[in-house]
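Following: one structure in structure tokens, then a few remarks.
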Amino acid sequence: MTEPTSNPKSNLTLLFLLLLSALIIMVILALSYQELYQEDSYAHYLLAKYAWSHPRLFIDIWARPIPTLFLSFAAPFGIIPAKILTVIISLICAFFTYKTAQIYKIEHAEFAVPFLIFQPYFLLLSVNPLTEIFFATFLIVTVLLFLQNRYLASAICCSLLPLIRPEGFFLLLFWFILLIIKKKWKLILFLGVGLTIWNLLSFIRTGQILWLYHNFPWSGQTAFYGSGDFSHYFDLLPKITGWFILPFFIIGLVYLIKRKKFFLISVFAYFFILHTILWKYGLFKSAGYARYFVSIAPVIAIIGLSGYNFLTAWLQRKYSLIILSVFSIMLVITSISSVLKIQPRNLNSDHQLLHEVHAYYKSLQSDAPLVCAYNYFFYISDFDRYDFPNYPYPHLDSIRMHLDNSIIIWDSIFMQNQYGISPESLTNLNYREIKSFRSDNNYYPIKIFSFKNFGF
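With this note's numbering, letter number 431 in the sequence shown gets 450, and the count goes up by one each step, no holes.
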């Protein structure tokens, strides 16, 4: 397939219009949703919101330094600024996806933008303060630099990936192999730049020389969120790419293989196999989410675009405008409908229940330390979750330290399943239940406990 011969100025105009259209749609989504997607979004929002008050959060192993740093400039001003910042990062990601498609000699590189933005999970996460969008942006820049033969810059950029998501550790190994293949032996050390900076900053703050090693959270843990079959992510492919993009993606895989253009395919295959193994054996606290693949959404977009180009090349040029119009309309409609199916716009029953819990807690008018494991509760209450003297960590040892004067909001999802605290363990510590709540589906109970000598 030949490179595009159209007017470069018109291509830039089209790129601008595509980015502008994506911006408008993402902003509308950001403003229309009442809540964020999954509890992790609230966790990252709260981490960024209070990071300047608690600088330890900037180096936190779960928060991840790079997303927390970026979001910390918006989150203190509220959830909407945090969403808009993520939208901006998504547009930057789209631009570099376009540049990568160009350097990879893919025709109509501008259309990498809709192939990226309208992957359902990418569109959904573009208005949520999660880490996948940041990872996707840094990864596609890493890929672009590598394709431009700027191997030093690519290695340094790759070194930052572990500061965004756990998959970054495994991408270091992948880039290590690539540098060996390219015989860039001296550049291998630069893959350690990011981790060295992270560990150095942690050492300055904590005094621990091997802070990363001692705080590595996945050692010895398997199946924390369960495990599954090797076919799990094959079954999720329609959700990962979107039903409408999937046929083009499959055609693109075949087309690029026949053209012996293996680089982007190898990135996708490596990531896919990695997550398949992690979920199969329950490693690295993998939860088997489809949203993890937003991390390589730019790669999926470029492969899908190459499939679209190959397919439309079979058709007569006079129908190209009609094909493009129908494709664009269907892509937007199917993507937005998929997003609304993944996350309805109204409050879910669990969060409605937490509003009731919050109202009751306010009625107690208590200034006693509060132990709660649900990030959404801290979001609606505007409490600083990381002010541990007032909001102790939800762990039995922390609860024992505040026996005489604390209130505990127990829930069956996080307090029970994640932290292993049962109602019985609280009553054994001489706590008593003062109020109980249950969601409409009768699935999710919440109970409020206080110490028996603490009167209400």
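Glycine residues also receive a C-beta, built at the ideal position from the N, C-alpha and C atoms. The structure presented is a predicted model; accordingly, all values stated were derived computationally and were not measured.
Check: Where R83 falls, given that 16 or more other Cβ within 10 Å makes a residue buried; Outcome: buried
Check: Those residues which DSSP pairs with E54 across a bridge; Outcome: Bridge partners of E54: none, in fact.
Check: CA-to-CA distance, G226 to N234, given in whole angstroms; Outcome: 13 angstroms
Check: Local Cβ density within 10 Å of Y300, reported as buried at 16 or more and exposed below that; Outcome: exposed
Check: Touch test, the segment 373-383 against the segment 28-39, Cβ-Cβ under 8 angstroms, three pairs minimum; Outcome: no
Check: As assigned by DSSP and simplified to three states, the class of V286; Outcome: helix
Check: Identified DSSP bridge partners for I465; Outcome: D430 and F456
Check: Chain-order list of residues whose beta-carbon lies under 6 angstroms from that of L171 (same chain, five-residue window excluded); Outcome: L206
Check: Expected contact under 8 angstroms - CB spacing of I183 and F153 to nearest Å; Outcome: 5 angstroms
Check: Close-in-space but distant-in-sequence residues of the same chain around S458 (CB under 7 angstroms, 5 per side omitted); Outcome: S368, D369 and L372
Check: The segment 142-152 touching the segment 123-134, judged by at least three CB pairs closer than 8 angstroms; Outcome: no
Check: Residue environment, S357, which counts as buried when at least 16 other CB atoms sit within 10 Å; Outcome: buried
Check: E186 versus N447: straight-line alpha-carbon distance, rounded; Outcome: 41 angstroms
Check: Contacting residues, own chain, Cβ-Cβ under 8 angstroms from M420 (five flanking each side not counted); Outcome: P411
Check: Reference C391; option with closest CA among I440, Q384, F312 and G271; Outcome: I440
Check: Length-filtered (4 minimum) alpha helix (DSSP H) runs lying within the segment 125-195; Outcome: 131-136, 139-144, 151-166 and 170-178
Check: Whole-Å CB distance - T156 paired with F115, under 8 angstroms assumed; Outcome: 7 angstroms
Check: F287 beta carbon less than 8 angstroms from that of I322; Outcome: yes
Check: Helix, strand or coil at Y412 [DSSP, three-state]; Outcome: coil
Check: I352: CB within 7 angstroms of a non-hydrogen atom of the ligand PLP; Outcome: Ligands displayed in this structure: none; no statement on the ligand PLP is therefore possible.
Check: Among G326, L256, V345 and F329, the one whose alpha carbon lies nearest that of I315; Outcome: L256
Check: Unbroken beta strand (DSSP E) run spanning L389, endpoints; Outcome: L389 to C391
Check: Counted within 10 angstroms of its Cβ, other Cβ atoms place A332 as buried (16 or more) or exposed; Outcome: exposed
Check: Proximity winner among N168, F290, K202 and Y64, relative to T119 (alpha-carbon distances); Outcome: N168
Check: Cβ contact (3+ pairs, closer than 8 angstroms) linking the segment 387-406 and the segment 63-74; Outcome: yes
Check: Pick from L163, I80 and G97 that is closest to L55, judged by C-alpha positions; Outcome: G97
Check: L110 vs A49 beta-carbon contact at 8 angstroms; Outcome: no
Check: Which residues DSSP lists as bridging R364, in chain order; Outcome: Answer is none; R364 lacks a bridge partner.
Check: Enclosing alpha helix (DSSP H) for Y232 [first to last residue]; Outcome: W230 to H233
Check: Counterpart residues of F470 in DSSP-defined beta bridges; Outcome: Y450
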